[in-house]
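Take a look at the structure below.
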Amino acid sequence: MTNKSTPPKDWREERRLQAWKLHEQGWKQKDIAVALGVTPGAVSQWFKKAEEQGVEALKQKPRPGAKPKLSQEQRAQLPALLAQGAEAFGFRGQVWTTSRVAFLIKHQFGVNYHRGHCSRILHVLKWSHQKPIEKATQRDEVAIRTWKEQRFEELKRKAEKEKRTIVFVDEAGFYLLPMAVYTYAPVGQTPVLRVKLSYDHLSAIGGITPDGRIFMQMQNHSYKGPDVVRFLQLLLQKIPGKIMVIWDGASIHRCQVIKDFLAKGGAKRIHLERLPGYAPELNPQEGVWNLLKRVELKNVCCLDLEHVQQELTLAKERLRHRKTVLSQCYAHAGYSL
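For reference, each letter of the sequence shown is one residue, going 511 to 847 in my numbering.
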């Protein structure tokens, strides 16, 4: 219910305009002052202002905000300073926080800002709060760029000429702990997933072709050379003709068992190529693992490793029929087919 005794938001403006109306009706200034509860001097100032500038001068004008501490020129310099990275200003790690930005502004321009206000400054500069992607310092960015722009194109032509099927291969682990994403629950009641706290895991090796065919094997211990050979033999059984396997430089891909397998006849049909180091994003099979973990198996709680294997097998079969989604794994890795 509205309180009628509460003055309007612009009650001072209404009072000045009312005084002018009474003045036009012939009221004397002293009577207007008494009626409106102000001094005759205030009424006189209002009337003088209205006579000189018009009645509009009696209306409330928005108060100007506080003058920005940073000038436009200084604000324009901020993006370039931030782009240098936090380590350039003595911080450990290339991570910008609002506290660090406040320090930067103080250090560069001698202006003090609360870290809460720094977030608004960053928003105006079109900088947002994001989770960074971690990349190994050992990465050779030139080699990675060369691989994407030149080497893979050469391998595609080689595969076409020799009528080889390209298969990107990778290994991954699937744990008893679920890949918890999100779920709905009553407001104020955080949902709880009851799981067995264990780091036991199922090891998997998989491969994907450019047309979206996927292959996978699983076991409850880490992969070694002989296990990798068994997967290569599976590929030879499932894929007719010659094959080009592209994978990372892991030691199990370079071990003597693999060399012996190739020397004993495997090289007649299989050709191996190695990706640049520390660049998992170049392998489309990483996209398959991501789809399995974050889409097909999200929020799934397993009782034991046998249960993990059952769920993973079912998830793989579901995903196997989504050819369009699987073929996009190559696009996400930056390859044009």
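Ideal Cβ positions, reconstructed from N, Cα and C, are used throughout, including at glycine.
Predicted, not measured: the structure shown is a model, and the values here were computed from it.
So residue i is in the beta strand (DSSP E); what residue range does that whole segment cover?
| i | result |
| --- | --- |
| Ser713 | 711-718 |
| Glu783 | 780-784 |
Taking the CB atoms as reference points, tell me whether residue i and residue j lie closer together than 9 Å.
| i | j | result |
| --- | --- | --- |
| Gln604 | Tyr788 | no |
| Leu477 | Phe741 | Absent from the model: residue 477. The displayed extent of the chain is 511 to 847, so no value can be given. |
| Val835 | Leu801 | yes |
| Gly716 | Ser837 | no |
| Lys569 | Glu523 | yes |
| Arg680 | Glu806 | A quick correction: the sequence has Asp, not Arg, at residue 680. No. |
| Ile749 | Arg830 | no |
| Leu532 | Asp541 | yes |
| Gln563 | Leu591 | no |
| Lys673 | Gly595 | no |
How far does the alpha helix (DSSP H) with residue i in it reach, from first residue to last?
| i | result |
| --- | --- |
| Tyr685 | Looking at the DSSP string, Tyr685 is not in any alpha helix (DSSP H); the run it does join, the beta strand (DSSP E), is 674-685. |
| Trp556 | 550-563 |
| Ile615 | 608-619 |
| Ile749 | Per DSSP, Ile749 belongs to no alpha helix (DSSP H) and is neither H nor E. |
| Phe771 | 766-773 |
| Ser629 | 625-634 |
| Glu469 | Here the chain comprises residues numbered 511 to 847, so residue 469 is not present and cannot be evaluated. |
| Leu588 | 582-593 |
If you reduce the DSSP assignment to three classes, tell me which class residue i lands in.
| i | result |
| --- | --- |
| Val755 | strand |
| Thr512 | Reliability fails at Thr512, whose pLDDT of 49 lies under 50, so the model's placement of it is uncertain and no value is given. |
| Lys808 | strand |
| Ile724 | strand |
| Ser640 | Checking the sequence, you will find Gln at residue 640 rather than Ser. Looking at Gln640 - three-state DSSP - the assignment turns out to be coil, as it is neither helix nor strand. |
| Pro517 | A caution first: Pro517 carries a pLDDT of 48, below 50, which makes its placement in the model unreliable, though a value can still be read off. DSSP places Pro517 in coil when its eight states are reduced to three. |
| Gln729 | strand |
| Lys734 | coil |
| Arg602 | coil |
| Pro794 | coil |
| Ser837 | helix |
| Trp799 | helix |
| Asp541 | helix |
| His763 | helix |
| Gly844 | coil |
| Ala789 | coil |
| Ala646 | coil |
| Val852 | There is no way to answer for residue 852, as the model of the chain reaches only from 511 to 847. |
Whole angstroms is fine: what's the gap from residue i's alpha carbon to residue j's?
| i | j | result |
| --- | --- | --- |
| Lys833 | Ala843 | 16 Å |
| Val621 | His639 | 23 Å |
| Leu824 | Gly600 | 51 Å |
| Trp530 | Trp521 | 14 Å |
| Leu779 | Lys734 | It should be noted that the sequence gives Arg, not Leu, for residue 779. If you take the alpha carbons of Arg779 and Lys734, they lie about 22 Å apart. |
| Ala598 | Arg655 | 26 Å |
| Lys559 | Ala567 | 7 Å |
| Pro642 | Ala593 | 14 Å |
| Val738 | Ala586 | 55 Å |
| Lys668 | Arg602 | 46 Å |
On the premise that residue j lies in contact with residue i, defined as a C-beta separation below 8 Å, what is that separation, rounded to the nearest angstrom?
| i | j | result |
| --- | --- | --- |
| Leu632 | Val611 | 7 Å |
| Val677 | Ile753 | 6 Å |
| Leu815 | Asp710 | 6 Å |
| Val548 | Gln539 | At roughly 10 Å, the Cβ-Cβ gap does not stay under 8 Å, so Val548 and Gln539 are not in contact. |
| Lys658 | Leu792 | 7 Å |
Taking 8 Å as the cut-off, is the beta-carbon of residue i closer than that to any non-hydrogen atom of the ligand FAD?
| i | result |
| --- | --- |
| Gln648 | Of the ligands one can find in the structure shown there are none, so the ligand FAD has no counterpart to examine. |
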